[in-house]
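Below: the structure, in structure tokens.
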Amino acid sequence: MDDHRAIERLLYRYAELIDAGDFAGVGQLFERGRIVAGGNAVAGAAAVQGMYESYTRRYACGTPRTQHLMGNVCIDVDAGGRSAQARLRFTVFQALEDFPLQAIIAGRYQDRFARDEGGWYFAERRMQPELMGDLSRHLLLPVPQEKG
């Protein structure tokens, strides 16, 4: 698998795990990385898992009843093939019995990746929400905003 496809798989795996409510799995994606949102950073598997468990509502089915869609993916791999950057857009949809299907948040991810003998991994994800709808059925806490 070429570098671009391997990195795309990580991007899409993140969406799969979030939508499945598998926050331990999301944490594992960031075992050697960090997530930056609203000027705050969490690093490592346990901290990332804890962040998602603190922020994200899960329903009886064990999921947040969301679908994360990602697009406009641009991946740049450095000449040495040991690091890469990605820019992409995300839109999150949600639907419940009493909450019609709708986009609840959209924005950008800016990611950095590193590669070792085991393959590519997330080094950093910067979350930049730009459009917010009704997040009351999705989040347990407010979306962190950039400071300044």
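Numbering (this note's numbering), first residue to last: 25 to 172.
The beta carbon of each residue, even a glycine, is placed where N, CA and C say it ideally should be.
Only a predicted model underlies this, so the values are computations on that prediction, with no experimental measurement involved.
{"Query": "Throw me the rounded Cβ distance for the tyrosine 79 and leucine 163 pair, which I believe falls under 8 Å.", "Result": "6 Å"}
{"Query": "For phenylalanine 114, which option in Phe146, Arg132 and Phe123 has the closest C-alpha, if you only look at C-alpha atoms?", "Result": "Arg132"}
{"Query": "What is the rounded straight-line gap between the Cα of phenylalanine 117 and the Cα of glycine 86?", "Result": "17 Å"}
{"Query": "Tell me the rounded alpha-carbon separation between arginine 150 and alanine 103.", "Result": "23 Å"}
{"Query": "Any idea which residues DSSP pairs arginine 149 with across the strands?", "Result": "Ile59 and Asp135"}
{"Query": "What residue range is occupied by the uninterrupted beta strand (DSSP E) comprising alanine 67?", "Result": "64-67"}
{"Query": "So, for alanine 70: in the same chain, excluding its five sequence neighbours on each side, which residues have a beta-carbon less than 8 Å away from its beta-carbon?", "Result": "Gly51"}
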